[in-house]
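As structure tokens, the structure follows; a few thoughts come after it.
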Amino acid sequence: MTHMDEAMLHMAELIVGLKKAGLSEPSAVRFAAIYFNEMSQNEPDND
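Under our numbering, the residue at position 5 of the sequence shown is numbered 5, and the numbers go up by one with no gaps.
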């Protein structure tokens, strides 16, 4: 599994969890996108 595959799986799990917690799907997707954007800015580039 590639890093991107793992990230997409994690994002999907986060969205499902947020929806179970009561967020609408658009809100859960928006939150997950913001979260992953913030996390990607904090990771060092290994390229």
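We put the beta carbon where it would ideally sit given N, CA and C, even for glycine.
Please read all numbers here as calculations on a predicted model, not as lab measurements.
DSSP-derived helix/strand/coil call for residue i
i: S40; result: helix
i: L23; result: coil
i: M4; result: helix
Alpha-carbon spacing of residue i relative to residue j, whole angstroms
i: G17; j: L9; result: 12 Å
i: G22; j: N42; result: 28 Å
i: E38; j: R30; result: 12 Å
i: I34; j: S40; result: 10 Å
Beta-carbon proximity check, residue i vs residue j, cutoff 8 Å
i: A7; j: I15; result: no
i: E25; j: K19; result: yes
Whole-angstrom C-beta distance between residue j and residue i, which should lie under 8 Å
i: A32; j: M4; result: No, A32 and M4 are not in contact; Cβ-Cβ is about 15 Å, not under 8 Å.
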